[in-house]
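For reference, the structure discussed in these notes is given below.
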Amino acid sequence: MLRVASAQSRKITVDSCPDCGGVWLDGGEFDQLFEAGPG
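Take the sequence shown: its position 38, counted from the start at 1, is 37 in numbering that gives the first Met the number 0, and no numbers get skipped.
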């Protein structure tokens with residue numbers, strides 16, 4: 000698994016698998032991204 004992005008201010012880490020292209024977030028991180036909105 001490869002860490003592709005990290006937003007330290009919100010403690011969000013996006014992990015990606017280089018083999019299958021899958022993307023993972025930890026519990027609650029999707030909601031934090033959604034609430035933050037674009038940009």
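Virtual Cβ for every residue (Gly too), placed ideally from N, Cα, C.
Whole-Å CB distance - residue i paired with residue j, under 8 Å assumed
| i | j | result |
| --- | --- | --- |
| residue 92 | residue 12 | Limits of the chain in this structure are 0 at one end and 38 at the other, which puts residue 92 out of reach. |
Limits of the unbroken beta strand (DSSP E) element including residue i
| i | result |
| --- | --- |
| residue 14 | 11-15 |
Boundaries (first-last residue) of the alpha helix (DSSP H) holding residue i
| i | result |
| --- | --- |
| residue 32 | 28-35 |
Close beta carbons around residue i, own chain, < 7 Å, minus the five adjacent residues each side
| i | result |
| --- | --- |
| residue 28 | 11 |
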